[in-house]
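Notes for the one structure printed next.
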Amino acid sequence: QVQLVESGGGLVQAGGSLRLSCAASGSIFGVNVMGWYRQAPGKERELIATIASSGKINYADSVTGRFTISRDNTRNTVYLQMNNLKPEDTAVYYCHALTAWGISHWGQGTQVTVSS
742 QVQLVESGGG LVQAGGSLRL SCAASGSIFG VNVMGWYRQA PGKERELIAT
792 IASSGKINYA DSVTGRFTIS RDNTRNTVYL QMNNLKPEDT AVYYCHALTA
842 WGISHWGQGT QVTVSS
């Protein structure tokens, strides 16, 4: 089992920045890909960014150039640096881990609210 704990959400004005953290624990040796998703009220959960154990990174078009995903393997932590935030970035942000066996693990989510 993999446990994921997010932190770093909050309220910020448009144009501001936040950094989310996701600390992983448990059976993390089998995790291949970690990423961030978000879900706004009344909308489906959407993929924001992923980082593979190989180092390959992918971003959604909506955040490319503004968000940066990174990982610190020594701390088993994945980060999401969010710059130039917009009101449409308001959502609950979830950390996700995918194992080599195709099993998904989710964090509890952290709220990000961007005021205009």
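Position in the sequence shown (from 1) plus 741 gives the number in this note's numbering.
We treat Cβ as the ideally placed atom computed from N, Cα and C, and that holds for glycine.
Put D813 into one of helix, strand or coil per three-state DSSP.
Here residue 813 corresponds to residue number 72 of the sequence shown, with the count starting at 1. If DSSP states are grouped into helix, strand and coil, D813 belongs with the strands.
Quick one: grab the DSSP three-state call for I844.
Against the sequence shown, residue 844 aligns to sequence position 103. The answer is coil: DSSP assigns I844 none of H, G, I, E or B.
Please report the straight-line C-alpha distance between L821 and E747, rounded to a whole angstrom.
Position 80 of the sequence shown, counted from the first residue, corresponds to residue 821. Position 6 of the sequence shown, counted from the first residue, corresponds to residue 747. If I take the Cα positions, the gap works out to 10 angstroms.
Measure the C-alpha to C-alpha separation of S768 and A801 and round it to an integer number of angstroms.
Here residue 768 refers to the residue found at position 27 when the sequence shown is read from its first residue. Here residue 801 refers to the residue found at position 60 when the sequence shown is read from its first residue. Distance between the alpha carbons of S768 and A801: 28 angstroms.
Could you pull out every residue in the same chain whose Cβ sits closer than 8 angstroms to the Cβ of R816, ignoring the five residues on either side in sequence?
Walking along the sequence shown from the start, residue 816 turns up at place 75. Closer than 8 angstroms at the Cβ level, and outside the excluded window around R816, lie A764.
Nearest by alpha-carbon distance to R812: which of V833, S795, A781, T840 is it?
Here the question's residue 812 lines up with position 71 in the sequence shown. Nearest of V833, S795, A781, T840 to R812, Cα basis: S795.
From Q744, Q742, L745, L761, pick the residue whose C-alpha is nearest to that of L826; which is it?
Taking the sequence shown and counting its residues from 1, the one referred to as residue 826 is at position 85. Closest by alpha carbon: L761.
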